[in-house]
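Below you'll find the structure, written out as structure tokens, and then a few comments.
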Amino acid sequence: MINVMASSVINAPVSSVWGLIRDFGTLGRWLPGVKSCVIEGDDPGDRVGAIRRLEMGDVGVIREQLLALSDVEHAVTFSIIESALPIRNYRSTITLLPITDGDRTFIRWHGQFEASAEHAASMQTRMPTHIYQPAFDRLAEILALRKTRS
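In case it helps, my numbering puts the sequence shown at residues -12 to 137.
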């Protein structure tokens, strides 16, 4: 199993960051490269078991299932159930922790997956640098814009 992780500090309170990521259907707002993001069926975006369908510009369609969501721990866990990415058994958790100094948020995205020897190294590098970190940057950008408008 390959483990990847990225973390960052966002200059916004946990409640603000959590408000953006707790709805499984809003990933398209804060993950660069998403052309569309919809929850399949009539499931709400915070229902465990919900499936989201992402249309990604560079990798086609990805379907993911929400496995766990905790408003207490500010954590969301999901898995990829269909993808053209050269990985298998992908599961990840995004966790938020409050930083009381300055009312900021520590965000951590941990993923694990299997990949063939041919793709393991590239995917191990690509996930944190091309997916996780750009998502953190976009979240920070959205929240900074909100802050300047209020």
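Note that CB positions come from ideal geometry on N, CA and C, so glycine has one too.
- Per DSSP, the beta bridge partners of Ser57 are Ala62.
- Taking 8 Å as the cut-off, the beta carbon of Gly32 is found no closer than this to the beta carbon of Phe65.
- Contact check between the stretch 11 to 22 and the stretch -10 to -1: fewer than three CB pairs, one atom from each, fall below 8 Å, which does not count as touching.
- Counted as a single uninterrupted DSSP element, the beta strand (DSSP E) harbouring Ser23 occupies residues 21 to 26.
- Only residues of its own chain outside the window of five on either side were considered, and among them Val46, Ile49, Met110 have a CB closer than 8 Å to the CB of Leu72, listed in chain order.
- Of the other Cβ atoms in all chains shown, fewer than 16 fall within 10 Å of the Cβ of Val25; this residue is therefore exposed.
- Our two residues, Thr82 and Val21, have alpha carbons roughly 21 Å apart in a direct line.
- Rounded to the nearest whole angstrom, the C-alpha separation of Gly44 and Ser23 is 9 Å.
- The C-beta separation of Phe100 from Tyr77 comes to about 4 Å, placing the pair in contact by the 8 Å criterion.
- The distance from the Cβ of Val4 to that of Thr92 is about 5 Å, consistent with a contact at the 8 Å cut-off.
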